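One structure is given here, and the rest of the page talks about it.
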Amino acid sequence: MKETPENNASNRPVPENFFDQQFHQILKKTVETDNWSIPGSRNVESMFPVPDGYWLKMEDQVRQKVKSPSLPLLIPSFRFKLASAAATLLLLIFAGWWVITPKLETENWKAQLEKIPQEDLIAFVDYQNRDVQEYTEKLASKSLQDQDLPLPLPKMNDTDIEEALDDIQPNDFTDNFDIN
Amino acid sequence: MHSDDKEILENFRNEATKNKAFNLLIRKYQKRVYWLIRKMVIDHDDANDVSQEVFVRVWYHLEEFRQESGLFTWIYRIATNECLAFLRKKKRRFFIPIHDVEGELSHKINEGNHFTGDEIQKKLQLAILKLPEKQRLVFNMKYFEEITYEEMSEILGTSAGALKASYHHAVQKIQAAVTLEERF
Chain A
217 MKETPENNAS NRPVPENFFD QQFHQILKKT VETDNWSIPG SRNVESMFPV
267 PDGYWLKMED QVRQKVKSPS LPLLIPSFRF KLASAAATLL LLIFAGWWVI
317 TPKLETENWK AQLEKIPQED LIAFVDYQNR DVQEYTEKLA SKSLQDQDLP
367 LPLPKMNDTD IEEALDDIQP NDFTDNFDIN
Chain B
27 MHSDDKEILE NFRNEATKNK AFNLLIRKYQ KRVYWLIRKM VIDHDDANDV
77 SQEVFVRVWY HLEEFRQESG LFTWIYRIAT NECLAFLRKK KRRFFIPIHD
127 VEGELSHKIN EGNHFTGDEI QKKLQLAILK LPEKQRLVFN MKYFEEITYE
177 EMSEILGTSA GALKASYHHA VQKIQAAVTL EERF
């Protein structure tokens, strides 16, 4: 049927007592559900067998358990102490790792550093100390033809090189220089 | 709170009468706790383990009980939590999907060692096992133990309205399951 203003559901007047009836239906369903049962099915104890003398046995077993608790059932205060001890142990392990790992890394790095020829190290230090900005400014001041040639830069003196070699850090080195 | 519960609590807080009070508490609540759990886990040994765990927890935490709810409600809350935790652990232990654990429980109903009810009772229990765990708890509490929605609300921490709806859905599913079985 074609929708017209007359038969459109939203235009139809709400029947008298409509909401009362709805309310009644909902309540009726709830009451029906609440009262629903299958005859003879509520007596659970007759359906699930329990060994003879079980209730006294259970009492005894619970009493024994609270007298000698197993590990998961330890008293809360002890459990707290156990948790604190575990946390401290983890903290110590982490602190140990934190202290030892950089040492190992440094030793490993020093061993690698010793394998590198001295002239390469000096070249690296020299390269590290070049002022990039100064170099590019100088380069820009040259004519286009001269820009293809590398600019002579003042070499570091021996004392500066020695100091710079002492200051080399593993990260500087590996980040900027191919040690392999 | 019931007067005998108050007495149990007072005696439990006194070192001299603590053990006696605990014995009284076990005797008073052991059957209700056990049956709540047994209906959920079906197997007697499992129900025994979980029930004992409940009372051991009660022993260690009863002094912290603030009496904001009844003692029975508080114990039931421990029991429902332990029960759900047990079922979850069972699922994790065997790395099998949910329906297989329910299948295992259904098998226990069918094999006869754990269940001795008649045909209609068996049909009902098998239908209950198909419900989701929490809905199963709600159904068992309302249908078998006739716990009020208000008490259930305190035990499960869910509104009474939601519990009514849950029970309504559970009944509909069970009715459908029982009717379907009768047809085939």
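Residue numbers (the working numbering), protein chains in the order written: chain A, 217 to 396; chain B, 27 to 210. Glycine included, every Cβ here is placed at the ideal spot set by N, Cα and C. All values reported here derive from a predicted model rather than from experimental measurement.
I want to see whether chain C comes within less than 9 Å of residue i, judged by CB atoms only; does it?
i, result
"A:PHE296", "Absent here is chain C; the protein component of the structure consists of chains A and B."
So is residue i buried or exposed if we call it buried at 16+ other beta carbons inside 10 Å?
i, result
"A:LEU287", "With a pLDDT of only 49 at A:LEU287, under 50, the local geometry of the prediction cannot be trusted, and no value is derived from it."
"B:ILE52", "buried"
"B:GLU180", "buried"
"B:ASP31", "buried"
"B:GLU108", "buried"
"B:ASN40", "exposed"
"A:VAL247", "exposed"
"A:ILE316", "exposed"
"B:ARG92", "exposed"
"A:ASP394", "With a pLDDT of only 41 at A:ASP394, under the threshold of 50, the placement of this residue in the model should not be trusted; the figure read from the coordinates follows. Exposed: under 16 other Cβ atoms inside 10 Å."
"B:LYS134", "buried"
"B:TRP100", "buried"
Between residue i and residue j, which are expected to be in contact by the criterion C-beta below 8 Å, what is the C-beta distance as a whole number of angstroms?
i, j, result
"B:VAL59", "B:VAL80", "6 Å"
"B:VAL127", "B:LEU113", "7 Å"
"B:PHE170", "A:ARG258", "6 Å"
"B:GLN161", "B:SER192", "5 Å"
Report yes or no: is there a C-beta of chain A within less than 9 Å of the C-beta of residue i?
i, result
"B:ASP126", "no"
"B:ASN74", "yes"
"B:ASP144", "yes"
"B:ARG53", "yes"
"B:TYR247", "This structure does not reach residue 247 of chain B, given that chain B is present from 27 up to 210, and the question cannot be answered."
"B:TYR60", "yes"
"B:VAL164", "no"
"B:HIS133", "no"
"B:ILE173", "no"
"B:ILE104", "no"
"B:SER77", "yes"
Report whether the distance from the Cβ of residue i to the nearest heavy atom of the ligand FAD is below 8 Å.
i, result
"A:GLY256", "The ligand FAD is absent from the structure shown, which contains no ligand whatsoever."
Check this for me: beta carbons of residue i and residue j, under 9 Å apart or not?
i, j, result
"B:LEU157", "B:ALA196", "yes"
"B:LEU110", "B:PHE48", "no"
"B:ALA42", "B:SER77", "no"
"A:PHE278", "B:TRP85", "Reading off the sequence, residue 278 of chain A comes out as Val, not Phe. Yes, the Cβ-Cβ distance between A:VAL278 and B:TRP85 is below 9 Å."
"B:HIS70", "A:PHE264", "yes"
"B:GLU176", "B:ALA186", "yes"
"A:TRP271", "B:LYS57", "yes"
"A:GLY256", "B:GLN201", "no"
"A:LEU381", "A:ILE338", "yes"
"B:VAL164", "B:LEU182", "yes"
"A:LYS245", "B:HIS194", "yes"
"B:LEU50", "B:ILE34", "yes"
"B:LEU189", "B:LYS168", "yes"
"B:ASN74", "A:MET274", "yes"
"A:SER253", "B:GLY143", "no"
"B:GLN198", "A:THR249", "yes"
Would a check of beta-carbon distances place residue i closer than 9 Å to chain B?
i, result
"A:PRO255", "yes"
"A:ASP250", "yes"
"A:PRO267", "yes"
"A:LEU287", "Any reading at A:LEU287 is ruled out, since the residue's pLDDT is 49, under 50, leaving its predicted position unreliable."
"A:THR246", "yes"
"A:TRP314", "no"
"A:PHE264", "yes"
"A:GLU330", "no"
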